[in-house]
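See below for the structure under consideration.
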Amino acid sequence: MPGYNLNNVKTNNRYEIIQKIYQNVDINRNHITREMGLTNSAVTKIINSLINEKYISEKNYLSAIRNRRARYLSICEGSFGVITLYFGRHGITAAIADICGKIIYSRDYTITYSMMDEVILNEIVDETVKNVSGGLSCLGCIGVTPGIRSDGEAAGDTEALQEKSQAPYFWDMQKLDAILKDKYHIPLFTENDSNIALLGEKWFGKGKNTDNFVLYNIGRGIGSSVCIQGKLLRGYHNSSIEIGHVTINFEGPDCDCGNRGCLELYTGMDNWEKKLEDIPKYAGQQNRLEALFLNARQGDNESRRLFDQYARMIAEGALILATMFSPEKIIVTTNEADFFHLPPIIEIVKKEINTRTFSTRRQKICVEDSDLRKTGYILGGIALVLEKQLFAA
Ligand SMILES: [Zn+2]
C-alpha cells in the first residue's frame, strides 16, 4: 500500500533527523539536507514540526567547533522527560531523564523480586512520577530487565513468560503497565538491559560515531547487544545477544537459564564470589571479588594470577562476539558492580583479541570502556521512547 509506505518513510526521516541532532553538536538544516539527500523543503517541514512539537530548538550562536555564526539545532531542554525503572537482580533503580540527556532524578531501592508486591510497586511508581517536575511532560516509562527476552513494548502473554522464566529474567510488567496507564496515562515499553545500554551508547556515549559495534555488559550477569549498520539487532523473539548463556563447557554445571556450562558460570560476578570462597586468602571475607581486584592492583601475586584468569574468561566472550559480528568497536560496560575498574580487564581483552581473532580483523577492532556505565540504561530509555513516539507519529 503506497500510503502506508509513504508514512513509514516520513516517520523514519523524523527519527533519523532527531538522531543526527543527538549525535552531532552544532548541526544545522544544511548539514542535514546534505547528509540525508533530502530536498530542502522536506527537511524544513520535518524540522519545523519537530520544533513546534518541542522536541528540538534552533538558536543562533557562534559555534566553537565550526568557528562560524549560524542557526544550530539542539534537543529541547525542559520539554519532555522519560522514566526508567530498572528491575535488577538485587534491587530496583527508578530514574527520570530530560530528553536532552540530563538526569533529573534517580533513586535505588534495595528490594528483591520475592519481596515485591502491588503495594510496593504502586509506591515506587507514585514516588517516581511525583518527581517529574519543572514543567516536563512524561513521554513514557521504560521497564528494563536483565534477561532472556523483552517485548519492546507493553508486555503481553505474562503467564507463559512467568512459567518459563524466573526473576530476574521475568518481572511482572503487566501490573506495572496497568498502574502507569490507569493512574497516570503513561505508556510503558519494556526492554532488555543490554539492548537499552547499547541505545544509550549509540545516542549519548562511545557508540555515537560508529554504526557497527558491540556492547559487552559484564558484572553479576554477562550480556551483550549488537548494533549493525546503525540498527539495534533484535532477534526473532525480540531478545538480546545472550553471550552469557553460550555453552562453553558441554559437561559444565547447571545454569539458572536451564542450560549447562554457560559462559556466565565462569565469568559472572556471583559465580566468582562463590569460587573465591574456596581460596583460603578470600574464604569468609565479604565482597571477595572487590578485594581480589584491589589486591591484584596492589601487586599481590596470587590475586594477580586469579585476576588474569577472570579477565581471560571475560575475553573469551569478547572473542566470540568479535568473531561473530566483526564489529568496529567493542564497548565494555558494567552495571551492577560499581567497584569494577574496567581498564585492566580491557587490556587483557585487547591482548586476547590481537592474538586469537583472524589476522585481517584483529587490528581493526577497537575495545573501549563505557563512560556511561549505569546511566546507559537511563539515557538508552530516552532513545527507545523517542523511537516509539516518533515512529508512531
Ligand atoms: Zn545459562
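Okay, so the sequence shown: first residue is 158 according to the numbering used here, each after it adds one. Glycine included, C-beta positions come from ideal geometry on N, C-alpha and C. Here the structure is a predicted model, which is why all the values come from computation and not from measurement.
Beta carbon of residue i nearer than 8 Å to that of residue j
| i | j | result |
| --- | --- | --- |
| I522 | P484 | yes |
| T480 | G533 | no |
| D265 | G235 | no |
| K507 | F370 | no |
| I268 | I249 | yes |
| D528 | P500 | no |
| K202 | C233 | no |
| V383 | I398 | yes |
| I477 | I379 | no |
Residue i, enclosing beta strand (DSSP E) - first and last residue
| i | result |
| --- | --- |
| T269 | Premise fails: T269 is in no beta strand (DSSP E) and is neither H nor E. |
| S231 | 225–232 |
| E216 | Looking at the sequence provided, one finds Lys at residue 216 rather than Glu. K216 -> beta strand (DSSP E) spans 213–220. |
Residue i (DSSP reduced to helix, strand or coil)
| i | result |
| --- | --- |
| Y243 | strand |
| D255 | strand |
| D308 | In this predicted model, D308 has a pLDDT of only 47, less than 50, meaning its place in the structure is not dependable enough to derive any value. |
| E348 | strand |
| S137 | The displayed coordinates of the chain run from 158 to 550. Any statement about residue 137 would go beyond what the structure contains. |
| G425 | coil |
| T532 | helix |
| G248 | coil |
| L547 | helix |
| S322 | Confidence is the limiting factor: at S322 the pLDDT is only 47, short of 50, which leaves the residue's position unreliable, though a coordinate-based value still follows. S322 falls in the coil class under three-state DSSP. |
| G300 | strand |
| G538 | helix |
| E173 | helix |
Start-to-end residues for the alpha helix (DSSP H) that takes in residue i
| i | result |
| --- | --- |
| N452 | 445–454 |
| I336 | 330–336 |
| V289 | Looking at the DSSP string, V289 is not in any alpha helix (DSSP H), and its letter there is neither H nor E. |
| M193 | 186–193 |
| K340 | Here K340 belongs to no alpha helix (DSSP H), and DSSP marks it neither H nor E. |
| N181 | Per DSSP, N181 belongs to no alpha helix (DSSP H) and is neither H nor E. |
| A199 | 197–209 |
Enumerated in chain order, which unbroken segments of the beta strand (DSSP E) with a length of 3 residues or greater are wholly contained in the stretch 352–421? Those beta strand (DSSP E) runs which fall completely within the stretch 352–421 and span 3+ residues are 370–375, 379–385.
Could you give the uninterrupted runs of the beta strand (DSSP E) lying entirely in the stretch 461–527, keeping only those of 3 residues or more? For the stretch 461–527, the full-length beta strand (DSSP E) segments reaching 3 residues or more read 486–490, 523–526 along the chain.
Please confirm if the stretch 426–434 is in contact with the stretch 387–398, defined as three or more CB-CB distances below 8 Å between the two stretches. Output reads no: the stretch 387–398 does not touch the stretch 426–434.
Is the stretch 213–224 close to the stretch 172–186, with three or more CB pairs under 8 Å? The stretch 213–224 is in contact with the stretch 172–186.
Evaluate contact between the stretch 345–358 and the stretch 531–545, counting only Cβ atoms and requiring at least three cross-stretch pairs below 8 Å. Per the Cβ contact rule, the stretch 345–358 is in contact with the stretch 531–545 (3 or more Cβ pairs under 8 Å).
Can you confirm whether the stretch 451–460 touches the stretch 337–346 when touching is taken to mean that 3 or more C-beta pairs between the two stretches lie within less than 8 Å? Taking 8 Å as the limit for Cβ pairs, the verdict is that the stretch 451–460 does not touch the stretch 337–346.
Would you call the stretch 420–427 and the stretch 462–472 touching, i.e. three or more CB-CB distances under 8 Å? The stretch 420–427, when compared against the stretch 462–472, does touch it at the 8 Å Cβ threshold.
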